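K.L.:
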Amino acid sequence: MKVFLLALVLLPVLAAGALPGSPDEYHDILGSGRKDWRFIFRGTAHIRRPMFLAYLDMVVVVVVVVVVVVVVVMVVHCSSRRSRSSSSSSGGSIVVVGVVVVIVEVVVVEVVVVVVEVVVVVEVVEVVVVEVVAVVAAAAVDLNWSAPCANHWRNNDAFNNWANIREILYGIVDDGVLVKVLRFHGAGTTYLNWMRHDRLITSCWQDLIHASPNYFGIAGHDSIHRRFFINNKYGGCANDTGWTVVADQDVPGCAWESDDHLVYPYIKYAPGQTYETMNSSGKLRSAEAVVVFLNYFPGQPDEYFDLFHTGKREWRLAFRGTARVGEPAYPAYKNGTGVKSNVEVACKNVVSSTQRA
């Protein structure tokens, strides 16, 4: 009896320890009584910072681009000086080379100005990132959606270790309340491709499951910066219909994407049970944030298999009873009697590529 009670006490501790991240990152987002959803992203409306770049963690990329541009500028500048030096002994070509040098120098000056501006922007962005962690981390603990938050937030550890994910939850926050929720299959996904119609499990919009959206994804309609975009069809700005979008630029293509007297990003959603005509007055609401949560499989990723060839590794091998091994199968299933700790790898793998009725 003592051993049995000890096992009961240790079980929740072991289960919690198996999850990535820290316990305060997990929340009972659906009211199930279990804190099993990890908060990994918040995109905030009206803060004049692109949400998609925050989701991609593009600060590092910007810094790399700045370094590359600086190197190019140095090479061009050195080349122009060498051209000037050689032109002094070139006789008849001195006028042509002189013109080229002047042009190169003008380009260099302009590029240097751009680089300085970009460096300043990067420094500002880096400061913003620090502020994001400081501002949002406290609110993330209790999910107080009504608390002030003027930044995007990204859980880099969750993004950098994207594995063993059972489900992904995408939510829309309006007036301090989580008003819309979509749940997606997470097995076999990346942080960029999970928002797809064929991965949708449940939807707060009744018509979305059986719809045929023309856009459904995080990158969305890339050329016009419509992100986290779930759209029914285009019919011109006056007749576009859809479910939700993040308009991620200061001057969107259609008037319905923006909010008067506010700055981007603009988060729009259909408040009812079906899609809306985006341009309909009063039928499309503006939200204050979008959020992403992860729900993990227990155990390790290599314990899961694509048993029915659906493209999703979502079946965990829990038991194998093997014929002609001289050990009874029932005690092994019931409590592990006779199960060896060093069994062959094949005992824990699913290698069959065929299925019999």
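Numbering (mature numbering (1 follows the signal peptide of the UniProt record, and there is no 0)), first residue to last: -15 to -1, 1 to 342.
We treat Cβ as the ideally placed atom computed from N, Cα and C, and that holds for glycine.
Being a predicted model, the structure only gives us computed values, none of them experimental.
Check the DSSP bridge columns for Ser188 and list the partner residues they point to.
P.N.:
DSSP, once it has assigned bridges, lists Leu167 as partnering Ser188.
K.L.:
Find out if the Cβ-Cβ distance for the pair Arg34, Gly6 is shorter than 7 angstroms.
P.N.:
For Arg34 and Gly6, no; Cβs fall outside 7 angstroms.
K.L.:
Whole angstroms are fine: how far does the CA of Phe213 sit from the CA of Ser131?
P.N.:
Whole-angstrom Cα-Cα distance: 22 angstroms.
K.L.:
Terminal residues of the continuous alpha helix (DSSP H) containing Lys253?
P.N.:
First-last for Lys253: Tyr251 to Tyr254, but that is the beta strand (DSSP E), not the alpha helix (DSSP H).
K.L.:
Using the Cβ count rule (16 or more neighbours within 10 Å means buried), how would you classify Arg27?
P.N.:
Its Cβ being crowded by 16 or more others within 10 Å, Arg27 is buried.
K.L.:
Just curious, the alpha helix (DSSP H) that Ala274 is in, first and last residue?
P.N.:
That residue, Ala274, is in no alpha helix (DSSP H); its beta strand (DSSP E) goes Ala274 to Tyr281.
K.L.:
When the Cα atoms are used, what is the spatial distance from Gly296 to Lys165?
P.N.:
Each residue's alpha carbon lies about 28 angstroms from the other.
K.L.:
Helix, strand or coil for Ile25? Go by DSSP, reduced to three states.
P.N.:
The answer is strand: DSSP assigns Ile25 an E or B state.
K.L.:
Can you tell which of Phe278, Met43 and Asp142 has the C-alpha that lies nearest to the C-alpha of Ile14?
P.N.:
Ranking Phe278, Met43 and Asp142 by Cα distance to Ile14 puts Phe278 first.
K.L.:
Among Phe37, Phe290 and Ala317, whose alpha-carbon lies nearest the alpha-carbon of Ile203?
P.N.:
Checking every option, the nearest Cα to that of Ile203 belongs to Phe37.
K.L.:
What's the gap between the Cα of Gly173 and the Cα of Cys222?
P.N.:
Spanning the two alpha carbons is a distance of roughly 36 angstroms.
K.L.:
Where does Glu152 sit, in a helix, a strand or coil, going by DSSP?
P.N.:
Of the three classes helix, strand and coil, the one that applies to Glu152 here is strand, per DSSP.
K.L.:
Considering just the uninterrupted stretch of the beta strand (DSSP E) at Tyr200, what are its terminal residues?
P.N.:
Counting along the chain, the beta strand (DSSP E) containing Tyr200 begins and ends at Tyr200 to Gly202.
K.L.:
Please tell me whether Ala232 and Tyr251 are closer than 7 angstroms, where the distance is taken between their beta carbons.
P.N.:
Closer than 7 angstroms, so yes.
K.L.:
Suppose the cutoff is 6 angstroms on Cβ atoms and the five residues either side in sequence are ignored; what does the same chain contact list for Arg184 look like?
P.N.:
Closer than 6 angstroms at Cβ, skipping near neighbours: Phe169 and His170.
K.L.:
What's the C-alpha gap between His182 and Ile194?
P.N.:
Cα-Cα distance, rounded: 8 angstroms.
K.L.:
Measuring straight from C-alpha to C-alpha, what distance separates Leu(-8) and Ala308?
P.N.:
For Leu(-8), the predicted structure reports a pLDDT of 32, less than 50, and the residue's modelled location is therefore unreliable. A value from the coordinates is still provided. C-alpha separation (whole angstroms): 32 angstroms.
K.L.:
Between Leu247 and Ala274, what straight-line distance do the alpha-carbon atoms span, to the nearest angstrom?
P.N.:
Going by the C-alpha atoms only, they are around 14 angstroms apart.
K.L.:
Within its chain, find whatever has a CB closer than 6 angstroms to the CB of Thr187; leave out the 5 residues flanking it on each side and keep chain order.
P.N.:
The residues are Arg168.
K.L.:
Is Thr226 near Ile215, with beta carbons less than 7 angstroms apart?
P.N.:
No.
K.L.:
Considering just the uninterrupted stretch of the beta strand (DSSP E) at Ala232, what are its terminal residues?
P.N.:
Where Ala232 is concerned, the enclosing beta strand (DSSP E) stretches over Thr226 to Ala232.
K.L.:
Does the beta-carbon of Val126 have 16 or more other beta-carbons within 10 angstroms, so that it is buried, or is it exposed?
P.N.:
With a pLDDT of only 37 at Val126, under the threshold of 50, the placement of this residue in the model should not be trusted; the figure read from the coordinates follows. The residue in question, Val126, is exposed, as its Cβ has fewer than 16 Cβ neighbours within 10 Å.
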